[in-house]
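The structure appears below as structure tokens.
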Amino acid sequence: MAKINTQPPRGTRDFFPEDLRLRTWLFDIWRETARRFGFEEVDAPILEHAELYMRKAGEEIVDQLYHFELHDRHLALRSEFTPSLARMVMARQGALRWPIRWFGIPQCWRYERMTRGRRREHYQWNMDVWGEPGVAAEAELINAAFSAMDAMGLGAGDVRMRVNSRALLEETLRERFLGDRPEAFEPLCVVIDKLDKIGADAVVDQLADPDGAIRLPKPDALDVVALLQVGGLEEARKSAPAGSAALADLERLFALLEAYDIADRVVFDASVVRGLAYYTGIVFEAFDTGGKLRAVCGGGRYDRLIESLGGKPVSAVGFGFGDAVIAELLDEKGLLPELPRTLDAVIFPFGDAERPRAQALASSLRRSGQSVELVLGQMKPKRALADADRAGAERIYLIGPDELSRGVARVRELRTGEERDEPLPEGPA
Ligand code: HAM
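Quick note on numbering: this note's numbering labels position 299 of the sequence shown as 742, and the sequence is numbered without any gaps.
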């Protein structure tokens, strides 16, 4: 048989021990941050009902779905966590303590075109608050994202959160451009989200496409793109409709961020709208200030998602924070930790006669919490020593015929070379 391809499918990763140590380090920071913010961990199957993801606003994420039919069921690998969370909240809607604070670290699958930090699978830390309509929830979430970044060693100047309000954009557009076609708003956001990627001309073309879902007259399409250039909250105040509730929310959010002492890391940016159709209010995305990478994390308020899935309305807000982009950034900054393997002891019985007492010693050390590798085969003592060193063990316990007769193990500290005898525990009678 021809040798199989030893690489994993394109865009996916194997996690060898050193990779998994790094992943665990990152997940531990996410988990610990979530714990400090009082969030509980949840999970859901990686395989979902495909209909959960089948939205019609032209989102990239829908085209990228890994999905298939099996025994008359239409299934999909989850491309994001939010729809599963919505399903779970709906399943227990009458029995939950509100507001819900849930987090998860799901692996998500998207058939992406691969670029730096963009893969076909990634792990994504999700933090979501369900049942809180006020922006105190947004402030808490943005603070949590920065707390995790601080714990990774990033500095206050390394990442900026760009914040906007889809509600503000909607108010403005309804008044001036969309009139009686509110259904055009979601696809419009999906198109605007591509601005950085495809450029202003292409966005205008798509907004004005007579066969598309938005169909703005060309001058209006140009005006909409110009609106996105509004820089800073000051300017937004001038262009917002009078008495705008969305603007008031934004102002309140910035005041709350001030109290967390992170306002200087957050900027208003009218061009951030997010590429997912379900957002309804504040939206935010964090970028490295070097401007080299795609978004480190992104989220926002999605008060109508549950309704769109047939449930009773519940307000919700959250974010997703991927493992791939942050790893690139930490690598660039020299912040990825060195995480060597840790092993307390190797136990080496010279032969079969010494093995039972070696097993008893291994059991005793393991009961006390140590990580212990018991040499399983036959080898020369010199080779066992070199191998223990290579494994990164702290010490090796050598048990030969002489040690066995004296009821001890010869212990060698591998860092210092210091040696001593230690009594062997009795084996089972
Ligand atoms: P998203 O913006 O699609 O949002 O993804 C969130 C983050 O996941 C991105 O900022 C990025 O770090 C990472 N990410 C996404 N796709 C990829 C990829 N192909 N390769 C590597 N990293 C990726 C959502 O998924 C929303 N469901 C987040 C959310 C939660 N909104 C509310 N609650």
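Just so it is clear, CB atoms sit at the ideal spot from N, CA and C, and this is done for glycine as well.
Positions of the alpha helix (DSSP H) runs, each at least 4 residues long and wholly inside the stretch 735 to 765, are given as 748 to 751 in order along the chain. Two segments are said to touch when three or more pairs of C-beta atoms, one from each, lie closer than 8 Å; by this definition the stretch 725 to 734 does not touch the stretch 509 to 528. Here Arg609 is near Tyr722, since their CB atoms are less than 8 Å apart.
Taking the C-beta atoms as reference points, Ile585 is found nearer than 8 Å to Phe727. Look at the stretch 625 to 691 and you find these whole runs of alpha helix (DSSP H), each 4 residues long or longer: 628 to 635, 638 to 641, 643 to 651, 661 to 670 and 675 to 682. Per DSSP, the continuous beta strand (DSSP E) segment holding Ser608 begins and ends at Val602 to Ser608. Beta-bridge analysis with DSSP links Phe511 to Leu518. When rounded, the separation of the alpha-carbon atoms in Ser590 and Phe511 is 39 Å. In the structure shown, the three-state DSSP call for Gly537 is helix. By a beta-carbon distance limit of 8 Å, Trp573 does not contact Ile548. Their separation comes to about 18 Å. At least one heavy atom of the ligand HAM lies less than 7 Å from the C-beta of Glu523. The beta-carbon separation of Gly741 and Gly724, rounded to 14 Å, does not stay under the 8 Å limit for a contact. If you check the CB distance, Val710 and Val532 do not come in under 8 Å. As the crow flies, the alpha-carbon of Leu748 is around 7 Å from that of Ala529.
Scanning its chain for C-beta atoms nearer than 7 Å, with the 5 sequence neighbours on each side dropped, one finds around Ile657 the residues Ala627, Pro630, Leu631, Val634 and Leu650, in chain order. Within 7 Å of the C-beta of Val768 there is at least one heavy atom belonging to the ligand HAM.
The three-state secondary structure of Ala493, taken from DSSP, is helix.
Here DSSP, grouped into helix, strand and coil, assigns Thr467 to helix. The beta carbon of Ile504 sits closer than 8 Å to those of Tyr496, Ser522, Glu523, Arg553, Gly718 and Leu719, all from its chain and outside the five residues before and after it, given in chain order. Judged by DSSP in its simplified three-state form, Ile705 adopts coil rather than helix or strand.
By the Cβ rule, the stretch 612 to 625 does not count as touching the stretch 591 to 598, because fewer than three pairs are nearer than 8 Å. A direct Cα-Cα distance of roughly 16 Å separates Ser714 from Ala689.
If you draw a straight line from the Cα of Ala831 to the Cα of Glu856, it comes to about 11 Å.
As the crow flies, the alpha-carbon of Glu461 is around 17 Å from that of Ile472. The straight-line gap separating the alpha-carbon atoms of Glu491 and Leu520 is approximately 6 Å. Scanning Phe730, Ile790 and Trp468 for the CA closest to the CA of Gly820 turns up Ile790.
Between Leu693 and Leu611, the C-beta spacing is below 8 Å. At least one heavy atom of the ligand HAM is found less than 7 Å from the C-beta of Arg562.
Assigned with DSSP and collapsed to three states, Thr615 falls in helix. Ranked by Cα distance from Gly754, the options Gln536, Ala445 and Phe482 are led by Gln536. Looking only at Trp568, Gly761, Arg559 and Leu817, the smallest Cα-Cα distance to Cys551 is reached by Trp568.
In this structure Ile839 is buried. Its beta-carbon is surrounded by 16 or more other beta-carbon atoms within 10 angstroms. Between the ligand HAM and the CB of Gly598, the shortest heavy atom gap is not smaller than 7 Å.
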